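**Q** In the numbering used here, the protein residues as written are 12 to 111.
1. Taking contact to mean 3 or more Cβ pairs, one atom from each stretch, closer than 8 angstroms, check whether the stretch 37-55 and the stretch 88-99 are in contact.
2. How would you call residue 57, buried or exposed, if buried means at least 16 neighbouring beta carbons within 10 angstroms?
3. If residue 29 sits next to residue 108, beta carbons under 8 angstroms apart, how far is it from one beta carbon to the other, in whole angstroms?
4. Given a threshold of 16 other Cβ atoms within 10 Å of its Cβ, counted over all protein chains shown, does residue 100 qualify as buried or as exposed?
5. Among residues of its own chain, excluding the 5 on either side of residue 74, which ones have a beta-carbon nearer than 6 angstroms to its beta-carbon?
6. Please go through the stretch 19-82 and give each complete alpha helix (DSSP H) segment of 4 or more residues, from N-terminal end onward.
7. Are there 16 or more other CB atoms within 10 angstroms of the CB of residue 85, so buried, or fewer, so exposed?
8. Out of curiosity, what's the CA-to-CA distance linking residue 104 and residue 70?
Next comes the structure, spelled out in structure tokens:
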């Protein structure tokens, strides 16, 4: 699992500002297709002060999957990067923000 985590962290580190990825795309780019749930678990354990752009990862519908304060923080950070996010967490124009 440690190698898997490292690959996820590396792929996430290189995700540029203003771009998004999904849990599934992140797992695939790290070389582990079909491991999107594990990506979610890994990201949920990141420390509060992480420099990794965890907030650029959303679900395949282009929506924030988190709730409570984590939802608010992710929404705030995405909006800070210029994205429009609805009150329900849907990213407007989601596909145009997807990283290759």
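Even glycine gets a Cβ: it sits at the ideal position worked out from N, Cα and C.
The structure presented is a predicted model; accordingly, all values stated were derived computationally and were not measured.
**A** Let me lay it out:
1. Inter-segment contact for the stretch 37-55 and the stretch 88-99 is absent: fewer than three beta-carbon pairs are separated by less than 8 angstroms.
2. Residue 57 should be labelled exposed.
3. Under the criterion of beta carbons closer than 8 angstroms, residue 29 and residue 108 qualify as touching, at roughly 7 angstroms.
4. Result: buried.
5. Excluding sequence neighbours, residue 74 sits near 100, 101.
6. Runs found: 34-40, 47-55.
7. That one is buried.
8. Annotation: residue 104 to residue 70 spans about 14 angstroms, alpha carbon to alpha carbon.
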